[in-house]
Amino acid sequence: MNGVDVDLSVNGVDVHFYLDTGAAVTILTVQSFEQLDCKLFPFSTILLSAYGSKMENLGELDVKISGKHGTVKDTAYVVKGANRDLLGRRVILELGLLAVVNAVCQKAFNPFTEFPKLFEGLGTMPGEFNIELKEGTKPLHLFSPRSIPAGWRDKGKAEIDKTLQMEVIEPVEEPTEWCSGLTIVAKANGGI
């Protein structure tokens, strides 16, 4: 097997198939069909190519397709003009030629070891927390910045510069889906 193709037995005859997970059916070329000792039945299925054009289906036949991992019964379609034998999705999966993988990474993900800086320094709290998000939450964003009272602008700028330097926040200089407004509140000690 070379990633996209495989040699299988169809009713005891070796056939070289291309694996086509997008195909709902198995397609045989006229040349491959002629090697089989099978009767071709009138077709009852109209076949469309990946581009939506009608394929010239010459007929269908019941076959047994065998590989290393077993045998599968299938209906194969003989298509005039087909230049390769295509193995359909159901047979590919039943013979175990490809597996559906629902994970990008198999190693366990541990954020404490992957991103240790996130769990030390400013803003860390003892213990672990679970933040649950509501389904269907829509991003909040503002289209224009809130104004800062003139008497607090210098203190506000100094506080923004301080949190930038501490890497608590980072500059965003382009439109973003999530954007909260800045609200300055006076503290009892005179700070903000």
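Take 1370 as the starting number for the sequence shown in the numbering used here and just add one per residue.
Where a beta carbon is used, it is the ideal one built from N, C-alpha and C, also for glycine.
Residue interval of the alpha helix (DSSP H) (run including residue i)
| i | result |
| --- | --- |
| S1401 | V1399 to Q1404 |
| I1500 | No alpha helix (DSSP H) holds I1500; DSSP gives it neither H nor E. |
Beta-carbon proximity of residue i to residue j, cut-off 8 Å
| i | j | result |
| --- | --- | --- |
| K1449 | V1399 | yes |
| L1467 | T1545 | no |
| Y1446 | L1405 | no |
| Y1387 | R1453 | yes |
| I1538 | G1525 | no |
| A1393 | G1436 | no |
| G1550 | R1522 | no |
DSSP state of residue i mapped onto helix, strand, coil
| i | result |
| --- | --- |
| F1478 | coil |
| T1552 | coil |
| N1371 | Interpretation of N1371 is limited by its pLDDT of 49, a score under 50 that renders its predicted location unreliable; the figure taken from the coordinates is listed afterwards. Three-state result, N1371: coil. |
| V1432 | strand |
Where the beta strand (DSSP E) containing residue i begins and where it ends
| i | result |
| --- | --- |
| L1455 | D1454 to L1456 |
Close beta carbons around residue i, own chain, < 6 Å, minus the five adjacent residues each side
| i | result |
| --- | --- |
| P1508 | E1546 and W1547 |
Neighbourhood of residue i by C-beta distance below 7 Å, restricted to the same chain and skipping five residues each side
| i | result |
| --- | --- |
| M1370 | In this prediction, M1370 has a pLDDT of 44, which is less than 50 and means its spatial position is unreliable; nothing more can be read from the coordinates. |
| E1463 | V1441 |
| T1532 | I1538 |
Close-in-space but distant-in-sequence residues of the same chain around residue i (CB under 8 Å, 5 per side omitted)
| i | result |
| --- | --- |
| V1554 | I1561 |
Open item on the list: With three or more C-beta pairs closer than 8 Å as the rule, is the region 1421 to 1436 touching the region 1482 to 1494?
Closed with: no
Open item on the list: With three or more C-beta pairs closer than 8 Å as the rule, is the region 1438 to 1456 touching the region 1479 to 1487?
Closed with: no
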